[in-house]
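Contents: one structure, followed by commentary.
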Amino acid sequence: MAEDVRYPDVVIDRESPVPLYFQVASRLQQQIESGEMPVGSRLENEIELADRLGVSRPTMRRAISYLVERGMLVRKRGVGTQIVHPKVRRPVELTSLHDDLLKNGQEPRTVVRETKVLAAPDDVAQALGIPFGSEVTWIERLRYAGDEPLALMHNAVPASVLEIDPEVLERRGLYDLLRAAGHAPRMAKQVVGARTATSAEGRLLGEPRGAAMLTMTRTAWDEAGRAVEYGSHVYRASLYSFELNLTT
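For the sequence shown, position 106 matches number 364 in this note's numbering, and the numbering has no gaps at all.
Structure follows, in C-alpha cells:
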C-alpha cells in the first residue's frame, strides 16, 4: 500500500502576480523531481493539505489538477492521489533526446531495431534536399528512460555523412556521433504534432492501441548547410512533453 507523504511547507508569496495554485504546483513539482516526494507515495488528504499550506480548497484542487495533467500525479479510486514517474519535459531546442535525458539525470537506453542502407524515399530525399534515390542509412531505435520505453525513433542519415555502427549507436546518441564526425547539427526545421498509437507502436511502447502519442519530425543541417539527419519520432504522451519558454 502506498504511504502518505509529508514534505516541507510550500512558501506562498501572496503579493506575487504569479497565481497561488501555480506557486503551489511549481514547488510540489520541484519536490517530485528532486525525489523529496518519492514515486509511489500518496499525497495527504486535499482538505488537510490546503489547510496546512494556508490556501483554499479550490486553489489546492487546481494545483493538483495541474500536476495530474503534467503526468506527475495520478488519481486512483480507493487509493487517493499518488505520485508517479514525472514526464520527460524536453525543451524545444536543437538537442537530441539522448542528450536531454542525460542532462535531466535520467538513464537513456537504446535498442537499435534496424539499420540498413537504402535509396531515400522521395519524401525523405525532399526533406534532406538530396537527389532522389540517394543512399541513406535508415535507422529504427527504441529509446528508454530507465526501464520505461519512451520513444520509437526513425532516422535517415545520408550515407556520405556518416557510417553507422549499430553497436556504437546503442551506447551513444546519434547527435554525439554526428558531432564526432565533424557534422554537428546547427540548424533544424521541426514539426511537433499528435496522433493515436498503432497496434505495433503500442506493443513496443507499452501503450494500448489508440493511446495518445506525440510526434516530431525534424531535418537538421550542419554549419556548412549540409543536411545531416532526418528524423520521424513517436513519443508516449503519458511520459513526455515538449516545453517552450516564450518571451515578448
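Each residue gets a CB set at the ideal place from its N, CA and C atoms; glycine is no exception.
> Where do the N-terminal and C-terminal ends of the alpha helix (DSSP H) with Ile305 fall, by residue?
Replying inline: Glu304 to Leu311
> Within 10 angstroms of its Cβ, does Asn413 collect 16 or more other Cβ (buried), or is it exposed?
Replying inline: buried
> How would you call Ile290, buried or exposed, if buried means at least 16 neighbouring beta carbons within 10 angstroms?
Replying inline: buried
> Whole-angstrom Cβ separation of Met471 and Arg444, contact assumed at under 8 Å?
Replying inline: In fact, because the Cβ distance is near 29 Å, the residues do not count as touching under 8 Å.
> In chain order, what residues of the same chain have a beta carbon less than 6 Å from the beta carbon of Tyr493, not counting five sequence neighbours either side?
Replying inline: So the qualifying residues of the chain are Ala409 and Leu472.
> How many angstroms separate the CA atom of Val263 from the CA atom of Asp381?
Replying inline: In this prediction, Val263 scores a pLDDT of 48, lower than 50, which makes its location untrustworthy; no coordinate-derived value is stated.
> Thinking just about the alpha-carbon of each residue, which of Arg401, Gln340, Val415 and Ile388 is nearest to the one in Leu435?
Replying inline: Val415
>> 8 Å is my cut-off, CB to CB: does Arg310 come that close to chain C?
In response: The question asks about chain C, but that chain is absent: this structure has only one protein chain.
> Any idea which residues DSSP pairs Glu294 with across the strands?
Replying inline: Answer is none; Glu294 lacks a bridge partner.
> So what's Arg272 in DSSP terms, helix, strand or just coil?
Replying inline: coil
> If you draw a straight line from the alpha carbon of Val332 to that of Asn303, how long is it in whole angstroms?
Replying inline: Put simply, the backbone Cα of Val332 is about 14 Å away from that of Asn303.
>> Here's a check: name, in chain order, each residue in its chain whose Cβ is nearer than 8 Å to the Cβ of Gly460, leaving out the five neighbours to either side.
In response: Pro466, Arg467, Gly468 and Ala469
> Whose C-alpha, out of Tyr433, Thr477 and Ala308, is nearest the C-alpha of Arg388?
Replying inline: Arg is not the amino acid found at residue 388; the sequence shown has Ile there. Selected option, being the one with the closest Cα: Thr477.
> For Pro349, which of helix, strand or coil comes out of DSSP?
Replying inline: The predicted position of Pro349 is uncertain, since its pLDDT is 48 and thus under 50; no value can be drawn from it.
>> With DSSP as the reference, identify every bridge partner of Tyr488, one or two as the case may be.
In response: Ala414 and Thr477
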